[in-house]
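To keep things clear, I will list the structure first and then write my remarks on it.
Rendered as structure tokens:
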């Protein structure tokens, strides 16, 4: 397959592809198989995939990728599932286009993930984030193989682990180690058709722990109280003067074992986010200072045992980064969205794409179609309306990127290091 145009640009390539019989064939296939995609979506949802427990879902996805006709389906030591479009093994020396969807959910083991049908809504924890993306990944693999879509370069489909919570993007980090020179990374993350996540919100998570001697609430009154110290820490965090583009949330707090006992321990977990790594550095410094100040404040107020320790542990980090709106990848995504009759929306987010973005590799996240609500709650729901159109957008994007690489290999070359996180412009 080749698109020959004078003055080839991302926009002209997408426009030319959008009118081809090839894309009409893909569109017809994705439309006529919509019900089958939904059935597979339900099956994916009902396979639990809590953080660090994605193995069962990964095995299901590996089997489906093999059934789809992908070649060299395998798993790495982290648990990611990989599958190549047929023929890719002949060109593996060339950097691939990566299409990925994370397998894990935010919900702990034991969560009821049985799907309930309420009208057009399909209700279950994790059905939108990200069983939707996984279903889209499998549907696109089948579409490209069954419709015999030719590609000039290798395309790799990947189900990643560890995207949510304390998974710390471990799957995406492993992918980048496998393919440090990949041409582009596209994450299918959640529903939607308009959004293009091209700016990665960086984050750091911390656990703050206070320890004291404890005692009886009456007999030992005046002893340092770890819960009081934690409360003082939270109060200080609440008063931090945060600039635009920075957020800090104390999300979990607790301590103590009995209502009539001075606690021996109190602990809080803090989520920090920013567009720039420099802002995260400054926020981490402020948090550590607030913890020490809260410790000293509680010690000063104590009238007896004053032994109070504090520890701040970093639980994880997601790097910030950006794929510029002028890059071929984002321009292709914008053009593909418009070709589907939708208005593209560029936005920030925290996804698997954070990792390649931070390293200067062109990367974005897009939706896999449909509508949703209650994300990350037990009431999460998904409506598959418009799903085929979103998958056509993703297919058009991958096809256009492949053609750009074929026409001019340097056009999709990874961004220079100067575009990495340290040089991100001020958020608007």
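In UniProt numbering, the protein residues as written are 1 to 428. Backbone N, C-alpha and C fix where the C-beta goes; we use that ideal spot for every residue, glycine too. Treat the numbers as computed from the prediction; the structure is a model and nothing was measured.
Query	Result
Selected residue, minimal CA-CA separation from residue 253, among 288, 207, 241	207
Proximity below 7 Å, CB of residue 222 to CB of residue 303	yes
Where residue 15 sits in the DSSP three-state scheme	helix
Bounding residues of the alpha helix (DSSP H) (the contiguous stretch that carries residue 298)	277 to 301
Residue 233 in three-state terms, based on DSSP	helix
Inter-residue Cα distance where the pair is residue 400 and residue 186	13 Å
Spatial distance of residue 405 from residue 152 (CA atoms)	8 Å
Identity of the residue in 299, 249, 219, 107 nearest residue 378 by Cα	107
Nearest residue (CA-CA) to residue 245, options 217, 215, 276	276
Any non-hydrogen atom of the ligand GDP within 6 Å of residue 168 CB	As for the ligand GDP, it is missing from this structure, which has no ligand bound.
Rounded straight-line distance, which links the Cα of residue 231 to that of residue 209	12 Å
6 Å CB neighbourhood of residue 142 in its chain, flanking five on each side removed	68
4-residue-minimum alpha helix (DSSP H) runs that sit fully inside the segment 375 to 414, ordered along the chain	387 to 407
Which of helix, strand or coil DSSP assigns to residue 6	Residue placement at residue 6 is flagged as unreliable, the pLDDT there being 45, under the threshold of 50; the coordinate-derived value follows with that caveat. In the structure shown, residue 6 sits in coil (DSSP, three-state: anything other than H, G, I, E or B).
Exposure of residue 311, with buried meaning 16 or more beta-carbon neighbours within 10 Å	exposed
Reduced DSSP secondary structure (H/G/I, E/B, other) of residue 369	coil
Nearest neighbour of residue 305, chosen from 219, 213, 37 [CA to CA]	213
Euclidean distance between Cα positions of residue 198 and residue 58	27 Å
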